[in-house]
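Notes for the one structure printed next.
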Amino acid sequence: MRKSLLCFLFILLSVFSRAERKYWVTFTDKNNVSFDPYAYFDKAAVDYRCSHGVSIIDSTDFPVNNDYLKTVSSLANRTTQSSRWLNGVAVYCTKAQLKKISSLPFVASVKEMNGAHSLKREKTIKVYTRSDDRLCRLLRYQTSRMKAEEFAKRRLDGRGIVIAVFDAGFPGYKTHPAFKHLIANNQIVATYDFIKGEENVDRGHWHGTATLSCIAGKMDSLNIGLATGASFLLARTEYAQREPFSEEENWLAAAEWAAKRGANIISSSIGYTDRRYFNTMMNGKNSLIARAATIAAQKGILVVSAAGNEGSDKWHFIDTPSDADSVLTVGGTNPHTDYHIDFSSFGPTSDGRLKPNVTAVADAIVAQGGAYSEQFGTSFSTPLVAGLAACAWQHKRSLTNMELFNSIEKSGHLYPYFDYAHGFGIPQADKLLSDQQEHEPTFDFVIINDEVKVVLREKYSYSLEEKSMGYSSRRNFYYKIEDATGAILRYSVLLAEQKEMLHFNVSQLSKGETLTIHFEGYTGSMDLQDDENQK
Amino acid sequence: MKHFILLFILLFTSAAFGQTVLIDMDKTKETQFREERNGQNLAHFNQFYFRFGAVLPPDEKGAPIVYGTSVDLNFGFRKKYKVSGHYALGWELEINWTDYKLKQSKEKAFPDSTLNKRERLDMSSFGLGLFQRLNFDPKRGNTIGKYIEVAIHGRFAYYELMRKNDLPDGSRVKAVISGLPYTLPFQANASVRLGIGHFALYANYRLTELFKSRYNYPSMPNLTAGIEIGLY
Numbered sequence: 001m002r003k004s005l006l007c008f009l010f011i012l013l014s015v016f017s018r019a020e021r022k023y024w025v026t027f028t029d030k031n032n033v034s035f036d037p038y039a040y041f042d043k044a045a046v047d048y049r050c051s052h053g054v055s056i057i058d059s060t061d062f063p064v065n066n067d068y069l070k071t072v073s074s075l076a077n078r079t080t081q082s083s084r085w086l087n088g089v090a091v092y093c094t095k096a097q098l099k100k101i102s103s104l105p106f107v108a109s110v111k112e113m114n115g116a117h118s119l120k121r122e123k124t125i126k127v128y129t130r131s132d133d134r135l136c137r138l139l140r141y142q143t144s145r146m147k148a149e150e151f152a153k154r155r156l157d158g159r160g161i162v163i164a165v166f167d168a169g170f171p172g173y174k175t176h177p178a179f180k181h182l183i184a185n186n187q188i189v190a191t192y193d194f195i196k197g198e199e200n201v202d203r204g205h206w207h208g209t210a211t212l213s214c215i216a217g218k219m220d221s222l223n224i225g226l227a228t229g230a231s232f233l234l235a236r237t238e239y240a241q242r243e244p245f246s247e248e249e250n251w252l253a254a255a256e257w258a259a260k261r262g263a264n265i266i267s268s269s270i271g272y273t274d275r276r277y278f279n280t281m282m283n284g285k286n287s288l289i290a291r292a293a294t295i296a297a298q299k300g301i302l303v304v305s306a307a308g309n310e311g312s313d314k315w316h317f318i319d320t321p322s323d324a325d326s327v328l329t330v331g332g333t334n335p336h337t338d339y340h341i342d343f344s345s346f347g348p349t350s351d352g353r354l355k356p357n358v359t360a361v362a363d364a365i366v367a368q369g370g371a372y373s374e375q376f377g378t379s380f381s382t383p384l385v386a387g388l389a390a391c392a393w394q395h396k397r398s399l400t401n402m403e404l405f406n407s408i409e410k411s412g413h414l415y416p417y418f419d420y421a422h423g424f425g426i427p428q429a430d431k432l433l434s435d436q437q438e439h440e441p442t443f444d445f446v447i448i449n450d451e452v453k454v455v456l457r458e459k460y461s462y463s464l465e466e467k468s469m470g471y472s473s474r475r476n477f478y479y480k481i482e483d484a485t486g487a488i489l490r491y492s493v494l495l496a497e498q499k500e501m502l503h504f505n506v507s508q509l510s511k512g513e514t515l516t517i518h519f520e521g522y523t524g525s526m527d528l529q530d531d532e533n534q535k
Numbered sequence: 536m537k538h539f540i541l542l543f544i545l546l547f548t549s550a551a552f553g554q555t556v557l558i559d560m561d562k563t564k565e566t567q568f569r570e571e572r573n574g575q576n577l578a579h580f581n582q583f584y585f586r587f588g589a590v591l592p593p594d595e596k597g598a599p600i601v602y603g604t605s606v607d608l609n610f611g612f613r614k615k616y617k618v619s620g621h622y623a624l625g626w627e628l629e630i631n632w633t634d635y636k637l638k639q640s641k642e643k644a645f646p647d648s649t650l651n652k653r654e655r656l657d658m659s660s661f662g663l664g665l666f667q668r669l670n671f672d673p674k675r676g677n678t679i680g681k682y683i684e685v686a687i688h689g690r691f692a693y694y695e696l697m698r699k700n701d702l703p704d705g706s707r708v709k710a711v712i713s714g715l716p717y718t719l720p721f722q723a724n725a726s727v728r729l730g731i732g733h734f735a736l737y738a739n740y741r742l743t744e745l746f747k748s749r750y751n752y753p754s755m756p757n758l759t760a761g762i763e764i765g766l767y
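So this is what it looks like as structure tokens:
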């Protein structure tokens with residue numbers, strides 16, 4: 001009996017420890033490979049690259065050396081995805097096999113890949129009927145908060161822009177009324193399921209259908225997102241109920257596929273946190289997906305990514321790939337209060353860079369199942385901004401992806417003010433369409449001896465008139481204190497309920513620190529202990 | 536120091552003016568990355584757990600057991616100290632309840648040969664354990680991961696013998712006998728656990744006798760096994 005138990009334990013242990021592990025093998029070079037960009041890229045990709053100064057002959061697009069792949073495959077138990085961009089391949093092998101692979105002269109590095117699995121968290125708040133008043137109000141607000149009507153006036157709907165959406169599946173996208181126009185006009189250019197390795201993406205989790213609707217969906221005459229005229233590449237990279245590391249490989253493969261197919265924008269409401277990483281690793285360099293997103297940006301693609309929903313969790317900070325420098329990271333605001341929604345992840349990155357870059361409403365109406373529902377998450381803020389980016393790019397097609405990135409930041413309703421909850425605020429279509437104008441001051445720093453007061457101007461003293469979704473956006477008063485390096489030491493949002501908002505003695509403050517205030521479109525700052533430097 | 540004075544002043548002024556603070560984030564709390572020390576794969580990890588298992592054969596001659604309904608329950612708290620990605624150690628406090636259902640058959644000799652309608656020996660104990668954990672996935676994030684764990688426990692136990700019988704008038708009588716003179720209060724146990732995240736399979740082997748040797752009673756089965764669920 002004891003022998004059989006020991007045997008059982010041994011077998012269990014063997015299964016558990018699994019001598020086979022997964023590694024990412026990177027090669028030293030791409031010698032002896034041939035590459036014809038006109039054969040590899042779709043015409044749209046070639047046209048886009050040529051018109052935007054992105055080289056069509058770039059060694060990172062060259063194929064991986066097939067001999068290298070064959071040799072590694074023969075030594076490993078099996079290989080999965082290979083990547084042109086990272087010049088490598090994922091392999092499953094034992095330690096002994098790994099030793100042989102590592103000693104190959106063309107292997108530059110070998111890195112073990114984490115295989116942590118976790119359950120996803122999703123929350124459906126309410127499924128509405130179309131006649132519901134709250135649904136219509138919220139639906140109008142999620143686009144009007146970005147002044148979408150300014151795009152509509154100029155008939156900007158993202159036409160000519162190719163948006164790649166990476167998610168956990170798009171069940172029902174062919175039949176849901178929200179996407180009737182996309183199907184009728186053949187706006188879904190291509191689809192690919194990177195989990196199954198086939199084209200059908202009409203399956204998986206509803207999350208992708210919902211995010212797609214926040215870019216281009218419609219509910220009768222109302223737009224759910226802004227880019228109803230854009231073209232789409234739909235990629236399933238995520239499992240529904242678990243998160244193996246292969247999802248990051250899928251994301252990388254999908255990004256290469258999207259670049260090949262001529263994508264201009266990637267909208268990705270996907271992020272990885274403590275199941276694989278520590279938040280101190282969120283510097284845009286550690287994860288495979290962040291490196292893939294960075295290369296995608298180098299290829300001229302605007303990568304829009306969700307900040308994450310960990311703001312009220314222990315993790316607290318943004319996830320990856322939103323930690324990457326070239327990724328437009330989107331946080332969430334509450335449409336009822338117009339400031340940060342509690343679950344939206346906070347910046348900065350672990351190396352101190354500003355994140356999120358911008359925000360959008362994170363309590364949105366989306367297409368789900370055969371109906372429409374209210375959902376919470378930065379997953380839905382992100383496609384709203386991706387849709388706005390498509391319209392802005394349609395308007396100024398000559399912009400490069402990073403110029404557009406900067407324009408979107410500058411169009412934030414708080415710009416030039418930023419903080420780690422809101423970034424530069426909610427992008428505004430009118431600011432993207434016209435040269436931005438200086439806003440007249442809405443408050444004054446009143447300095448009497450050592451006393452400093454921040455007083456709202458009469459015209460901008462608080463008003464209860466403008467109520468849209470509960471509170472009025474007019475009443476939020478933002479301030480922050482930065483040190484000499486620009487790092488934010490403290491930031492706050494107050495309800496502007498009286499004329500005199502702040503009051504303090506300047507002699508008690510530290511040198512080199514800057515107090516910056518934003519109220520009603522105007523940002524002013526003063527260097528503490530240097531009242532001559534009021535800006 | 537000045538910074539804190541500024542924070543105080545700003546907060547004071549906010550309060551003095553009766554302002555509503557919607558968000559207030561400061562460097563010492565929210566805007567700075569800190570090296571966390573408490574977490575599933577950090578320096579310290581605290582966890583409550585629950586185990587549910589079964590008493591496993593073999594039994595000794597004279598003390599046949601009803602398997603399947605003889606169960607083992609544990610509830611405990613553990614503190615884990617990370618040494619490296621591969622290795623951790625720690626201690627755990629737990630309460631245990633093991634229920635041995637005694638089969639009423641001819642060979643029964645414990646505690647006597649009397650056949651009852653039902654009879655069981657309950658052992659409740661309080662234990663302190665030390666464990667070592669070997670993780671198979673050192674490059675995981677802040678997760679428990681996959682591991683094998685070896686533990687030893689010392690337990691102080693309290694025993695009760697319960698008997699149920701039907702009387703001729705159809706009623707049932709239940710007897711609970713405590714303060715059993717033949718039991719030993721101290722036990723030593725060794726455990727092996729194989730875990731993935733919050734779930735683990737465990738096997739526990741009792742290393743010491745249950746009964747005083749001078750009574751010459753057959754012992755209860757040494758082995759219990761089942762599943763463990765970490766509560767967070």
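Chains A and B are the protein sequences, given in the same order. In terms of my numbering, the first sequence has 460 at position 460, counting the first letter as 1, and numbering is strictly consecutive. Here my numbering runs 535 ahead of the position in the second sequence, where the first position is 1. Note that CB positions come from ideal geometry on N, CA and C, so glycine has one too.
- Here the C-alpha atom of residue 337 of chain A lies approximately 35 Å from the C-alpha atom of residue 160 of chain A.
- The alpha-carbon separation between residue 701 of chain B and residue 639 of chain B amounts to approximately 14 Å.
- For residue 339 of chain A, DSSP assigns no beta-bridge partner whatsoever.
- Where residue 344 of chain A is concerned, there is no enclosing beta strand (DSSP E), because DSSP gives it neither an H nor an E.
- Scanning chain A for C-beta atoms nearer than 8 Å to the C-beta of residue 670 of chain B yields nothing, as the closest lies near 10 Å away.
- Per DSSP, the unbroken alpha helix (DSSP H) holding residue 433 of chain A starts and ends at 429-433.
- By the Cβ criterion, the segment 667-682 of chain B is in contact with the segment 715-734 of chain B, since at least three pairs of Cβ atoms, one from each stretch, lie closer than 8 Å.
- Look at the segment 264-281 of chain A: the residues with a C-beta under 7 Å from a C-beta of chain B are 274, 275, 276, 277, 278, 279, 280.
- By the rule that beta-carbons nearer than 8 Å mark a contact, residue 421 of chain A touches chain B.
- Pairwise C-beta distances place the segment 183-197 of chain A out of contact with the segment 147-157 of chain A, as fewer than three of them are shorter than 8 Å.
- Residue 224 of chain A and residue 381 of chain A have their C-alpha atoms roughly 12 Å apart.
- In the three-state reduction of the DSSP assignment, residue 387 of chain A falls in the helix class, which pools H, G and I.
- Three or more beta-carbon pairs separated by less than 8 Å are not found between the segment 614-622 of chain B and the segment 590-597 of chain B, which leaves the two stretches without contact.
- Fully contained in the segment 152-214 of chain A are the following alpha helix (DSSP H) runs of length 4 or more, in chain order: 180-184.
- For residue 46 of chain A, the three-state secondary structure derived from DSSP is helix.
- Taking a Cβ-Cβ threshold of 9 Å, the residues of chain B close to residue 337 of chain A are 557, in chain order.
- As far as DSSP is concerned, residue 672 of chain B takes part in no beta bridge.
- Between residue 674 of chain B and chain A, the shortest Cβ-Cβ separation is below 8 Å.
- By the criterion of at least three beta-carbon pairs nearer than 8 Å, the segment 706-723 of chain B is not in contact with the segment 601-615 of chain B.
- C-alpha of residue 513 of chain A to C-alpha of residue 450 of chain A: approximately 16 Å in a straight line.
- The beta carbon of residue 493 of chain A sits closer than 8 Å to some beta carbon of chain B.
- In the same chain as residue 57 of chain A, and ignoring 5 residues on each side of it, the C-beta atoms closer than 8 Å to its own belong to 35, 37, in chain order.
- By the beta-carbon neighbour count (other beta carbons within 10 angstroms, threshold 16), residue 411 of chain A is buried.
- Residue pairing by DSSP places residue 488 of chain A opposite A:482 in a beta bridge.
- Taken in chain order, the complete beta strand (DSSP E) segments of 3 or more residues contained in the segment 41-103 of chain A are 78-83, 88-93.
- Flagged as an interface residue toward chain B: residue 340 of chain A, by a C-beta distance shorter than 8 Å.
- The DSSP assignment places no complete run of the alpha helix (DSSP H) inside the segment 608-636 of chain B (cut-off: 4 residues).
- Bounds of the beta strand (DSSP E) holding residue 736 of chain B are 734-741.
- Taking residue 557 of chain B as reference, the option from A:313, A:353, A:333 with the minimal CA-CA separation is A:333.
- One finds 274, 278 in chain A with Cβ atoms closer than 7 Å to the Cβ of residue 677 of chain B, taken in chain order.
- Spanning the alpha carbons of residue 437 of chain A and residue 520 of chain A requires a straight line of approximately 14 Å.
- Note that the C-beta distance between residue 237 of chain A and residue 251 of chain A is below 8 Å.
- Inclusion of residue 73 of chain A and residue 253 of chain A in the CB contact set at 8 Å is not warranted, their separation being larger than that value.
- Taking 8 Å as the cut-off, the beta carbon of residue 107 of chain A is found no closer than this to the beta carbon of residue 63 of chain A.
- Between residue 170 of chain A and residue 209 of chain A, the gap from beta carbon to beta carbon is short of 8 Å.
- With 16 or more other Cβ atoms from the protein chains shown falling within 10 Å of its own Cβ, residue 627 of chain B counts as buried.
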